[in-house]
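Worksheet: the structure to be examined is printed underneath.
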Amino acid sequence: MLKGYGMLDIKFIRENIELVKKAVHDKNESSDVDKVIALDKKKREYQFQYDTMRAEQNEVSKKIPELKKTTQDTSEILKEMKQISTKLKTISTELSQISLELENELLNIPNIPYKDVPVGNEAENEFVHDWGKKEQFDFEPADHFELINSNELLDFQRAAKMSGSGFVGYLGKGAQLERALINFMLDFHIKKHNYQEVSLPILVNRTTMTGTGQLPKLEEDMYRVDADDLFLIPTAEVSITNLYAQEILQYDVLPQKFVSNSPCFRREAGSYGKETKGLQRIHQFNKVEMVRFVRPESSYAVLYEMLQDAEEILQALDLHYRVVKLATADLSFASAKTYDLEVWAPGSKKYLEVSSVSNFEDFQARRASIRYRNEKGKVEFVHTLNGSGLATPRTFISLIEKYQNADKTIKVPPALMPYLDNRRIL
RNA sequence: GGAGAGGUGACCGAGUUGGUUGAAGGUGCGCGCCUGCUAAGCGUGUGUGGGGUUUAUAGCCUCACCGAGGGUUCGAAUCCCUCCCUCUCCGCCA
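Below, the structure written as structure tokens:
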């Protein structure tokens, strides 16, 4: 039989059809809730039939060895059993088919937005707060394209030569600055917030991708290695969250907090024309990611805590930013509530999204079957959360634009000096 | 990639001439008893998921699960096939 774990709890869907439909609508998804309900009903009917018949079969089968011992003729009864067996096989086949169908439909039902998430599209995103302010220059600040060129920090052309457009190479001081940034962020989370650093596979299987909710919806956005049916992760969230997949954790194992730097791969299918030039939207980039496994009752407090963990990085770099609470249609498929961090890029004169901090509640835990024993010893799903802390490329943009001098040289932010030989100028 | 060994419950470990074994035994853990503490001892309990019944996440009935998926059979942890994983040796590459 199929495992049949899934997504949203089927019982919950059964009992909250309208709520689930509203979530689908608000999130602008196209999942078929009615079909799920119908399949669920059908499945239970078949299940009942199967169970009943199987019980009969089990019972008779138990008696057969004894009948044989008492030298009775069993051919008649075996003939009957053969019929049951055949019928059972038919039902079983249909049952697994229905189960599979149900599972597939279920996988397409998104998580339900938390109650305080504004309904609507991007326009309804809610300003939460900001920090610092837009800096004033006594010269006209250059944008990052100019700074990158004059300092020879990156090379898009040569990267394209080996991988096509949308890839970037960091050169010399650019590479050093990126590495400094990554190391700084990792150390910060590890030392200041007690995250445990991990370094995990960036090539993962289909089950893993499904566990965190990237599949089946986003297959088009993923790079796949056909020969082995493995996928390049779009974020370290995938590997880290799946660390505990298919496990039941003891009560005191929770909470757990992990941080990891990893390359992230995104095909960005269908987003041509949307800021596709430069560093803003590329197929491969580095990101420091935080993931937490917590008991359900604490997940919203932890969500806010993680948001602050991410904010503190920007504060330490003295970069002005604002926090936005995402509206339903802007939420990811798996998220119940998400805060975005947008950093100010003074040369480009716009805010850039550098972090997303989300609570998935038990959505991913259900898919990946990550459970724990609560205080009473009962098995429950954990809650998972993650947040970027932070994505490198856009942080890089903001950084060089903010720390530029009139002569286009770049100051090293004080926080990064220890990582750059204590230089003042990059 | 080739050869061999193996994948059983929280853990260790039986079971591989198919049948009442969801699974002996042990450890651990829970509860109770006993002993002035500790140690030991005695009793008892201890998987997950689905379905049905139910006011009920109580109880009861039932089904599934012994790496995964198929097959043979009245009946499979036990037989057959495919795949995955672990270990050892060889080869290959670092």
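If you use our numbering, the first sequence corresponds to residues 49 to 474, in order. We put the beta carbon where it would ideally sit given N, CA and C, even for glycine. For clarity, every value in this text was computed on a predicted model and none was experimentally measured.
Unbroken alpha helix (DSSP H) run spanning residue i, endpoints
| i | result |
| --- | --- |
| H73 | 65 to 74 |
| D269 | D269 -> no alpha helix (DSSP H), and no H or E assigned at all. |
| I146 | 123 to 154 |
| Q95 | 81 to 117 |
| A208 | 204 to 211 |
| L351 | 347 to 364 |
Cβ pair residue i, residue j closer than 8 angstroms
| i | j | result |
| --- | --- | --- |
| T289 | A439 | no |
| Y94 | I157 | no |
| L355 | V371 | yes |
| L87 | E170 | no |
| Q244 | F204 | no |
| F236 | A454 | no |
| Q173 | L374 | The question names Gln, but residue 173 in the sequence shown is Asn. Contact flag set, yes. |
| Q105 | L136 | yes |
| V72 | L379 | no |
| E449 | D191 | yes |
| L16 | P264 | Because the chain is modelled from 49 through 474, residue 16 falls outside the range shown and cannot be assessed. |
| V427 | I296 | yes |
| F411 | G261 | yes |
| V167 | T376 | yes |
Run of the beta strand (DSSP E) containing residue i, from where it starts to where it stops
| i | result |
| --- | --- |
| H431 | 431 to 439 |
| K335 | 332 to 342 |
| I157 | Looking at the DSSP string, I157 is not in any beta strand (DSSP E), and its letter there is neither H nor E. |
| I418 | 418 to 421 |
| V402 | 398 to 407 |
| E285 | No beta strand (DSSP E) holds E285; the alpha helix (DSSP H) holding it covers 285 to 289. |
| Y387 | 385 to 393 |
Beta bridge counterpart(s) of residue i as assigned by DSSP
| i | result |
| --- | --- |
| N253 | L278 |
| S308 | E337 |
| H177 | V371 |
| D191 | None, per the DSSP bridge assignment. |
| G217 | D203 |
| F313 | Q332 |
| L297 | Y420 |
| V273 | L278 |
| E245 | V307 |
| V427 | R421 |
| K459 | I473 |
Selection from the options that minimises the alpha carbon distance to residue i
| i | options | result |
| --- | --- | --- |
| A364 | M465, Q328, F429, D203 | M465 |
| G217 | L202, P461, I230 | L202 |
| S403 | Q244, R442, F341 | R442 |
| T283 | E268, A275, P264, F313 | F313 |
| F381 | I61, E226, F232, T258 | T258 |
| D300 | F215, G214, I330, G425 | G425 |
| A275 | R227, L327, N253 | N253 |
| K91 | D191, L143, I230 | L143 |
| D357 | S123, H192, N334, L433 | L433 |
| A207 | S109, T100, Q304, L327 | L327 |
| K221 | I238, G212, V84, N197 | N197 |
| K130 | K69, M101, P461 | M101 |
| D57 | A463, F429, R471 | F429 |
| E200 | N470, R472, K456 | K456 |
| E353 | H331, L115, V405 | V405 |
| E423 | T376, E345, D410 | E345 |
| A349 | P113, P303, T134 | P303 |
| E63 | S79, K163, V84, Q298 | V84 |
Inter-residue spacing [alpha-carbon to alpha-carbon] between residue i and residue j
| i | j | result |
| --- | --- | --- |
| A481 | K181 | Summary: the structure shown does not reach residue 481, with the chain confined to residues 49 through 474, and so no result is reported for it. |
| L474 | L251 | 34 angstroms |
| V342 | N152 | 28 angstroms |
| H39 | I458 | Outside the shown range of the chain (49 to 474) lies residue 39, about which nothing can therefore be said. |
| G435 | Q184 | 30 angstroms |
| R421 | A293 | 15 angstroms |
| L50 | G395 | Any reading at L50 must be qualified, since the residue scores a pLDDT of 30, below 50, and its modelled position is unreliable; the value itself is stated next. Roughly 56 angstroms separates the two Cα atoms. |
| G214 | Q97 | 55 angstroms |
| L351 | I445 | 26 angstroms |
| S308 | K89 | 43 angstroms |
| N159 | L219 | 41 angstroms |
| I280 | I230 | Correcting the residue type first, residue 280 is Leu in the shown sequence and not Ile. About 20 angstroms. |
| K335 | N76 | 28 angstroms |
| F408 | P461 | 34 angstroms |
| I238 | P311 | 19 angstroms |
| D269 | D277 | 15 angstroms |
| L389 | R472 | 27 angstroms |
| Y53 | P189 | Caution applies to Y53, whose pLDDT of 42 falls short of 50 and renders its modelled position unreliable; the model cannot decide the point. |
| E194 | E226 | 18 angstroms |
| F475 | D99 | Past the boundaries of the shown model lies residue 475; the chain is included only from 49 to 474, so the question cannot be answered. |
| N470 | L67 | 56 angstroms |
| G212 | Y271 | 14 angstroms |
| L468 | H368 | 23 angstroms |
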